[in-house]
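Trainee: Below are the structure tokens for one structure; questions will follow.
Residue numbers (my numbering): 1 to 186.
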């Protein structure tokens with residue numbers, strides 16, 4: 001019994017690490033507020049954990065997490081505090097049910113890219129994370145990592161080159177083709 005609980009916890013931790021950043025980007029993109037998005041994502045993972053026994057596959061767990069996240073964004077929009085804080089432009093960008101599939105595909109693509117970034121050498125990994133995940137400028141990256149601008153550029157270039165090489169697989173090409181087909185038809 002103890003082993004089963006340990007396996008469930010380990011699987012959930014892996015799910016959390018894999019999907020936290022894409023889910024946070026999804027929610028932050030809707031709410032336009034990073035702090036609020038972090039609270040929502042935290043709640044989403046708590047609700048997902050509470051119902052962990054109901055999921056047979058990770059895909060079901062992921063779909064549940066995105067539906068809960070989307071609903072939390074709608075609920076925030078409806079609240080009095082949300083109406084005051086919610087940007088009018090953001091109201092027009094709330095995803096509808098038909099867009100949820102696209103958001104899941106986008107999230108899966110990001111998860112693949114983040115997993116590959118994690119496999120890069122330390123300096124390249126850190127530079128790409130700070131650059132593309134955290135949105136830091138070259139100056140900020142250099143300051144945080146104690147690197148010159150030239151070193152930041154070199155590590156970014158090498159990291160991107162390695163990512164392109166690693167992501168040339170058939171699955172990624174199929175996923176990109178699917179995204180192009182879906183987005184192209186809109």
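Glycine included, every Cβ here is placed at the ideal spot set by N, Cα and C.
Is the number of C-beta pairs between the segment 12 to 27 and the segment 37 to 47 that are closer than 8 Å three or more?
Mentor: Yes, the segment 12 to 27 is in contact with the segment 37 to 47.
Trainee: Rounded to whole angstroms, what is the Cα-Cα separation between residue 88 and residue 7?
Mentor: Reading the chain shown from its first residue, position 88 is the one you call residue 88. Reading the chain shown from its first residue, position 7 is the one you call residue 7. Bear in mind that the predicted position of residue 88 carries a pLDDT of just 49, short of 50, making it unreliable; the figure below should be weighed with that in mind. Their backbone Cα atoms lie some 44 Å apart in a straight line.
Trainee: Using only CA atoms, which one of 120, 149, 156 and 16 lies nearest to residue 139?
Mentor: Along the chain shown, one-based indexing puts residue 139 at 139. Nearest C-alpha to residue 139: 149.
Trainee: Among 142, 145, 147 and 155, which residue has its Cα nearest to the Cα of residue 117?
Mentor: One-based indexing of the chain shown puts residue 117 at position 117. If we check each option's Cα against that of residue 117, 155 comes out closest.
Trainee: Figure out for me which residue from 51, 30 and 121 has the closest Cα to the Cα of residue 76.
Mentor: On the chain shown, position 76 is the one that residue 76 refers to. Considering only alpha carbons, the answer is 30.
Trainee: Would you grab the beta carbon distance between residue 159 and residue 113 for me? Rounded to a whole angstrom, and I think it's under 8 Å.
Mentor: Your numbering for residue 159 matches position 159 in the chain shown. Your numbering for residue 113 matches position 113 in the chain shown. Rounded, the Cβ-Cβ distance is 11 Å, inconsistent with contact.
Trainee: Using the three-state DSSP reduction, which class does residue 135 fall into: helix, strand or coil?
Mentor: Numbered from its first residue, the chain shown carries residue 135 at position 135. Looking at residue 135 - three-state DSSP - the assignment turns out to be coil, as it is neither helix nor strand.
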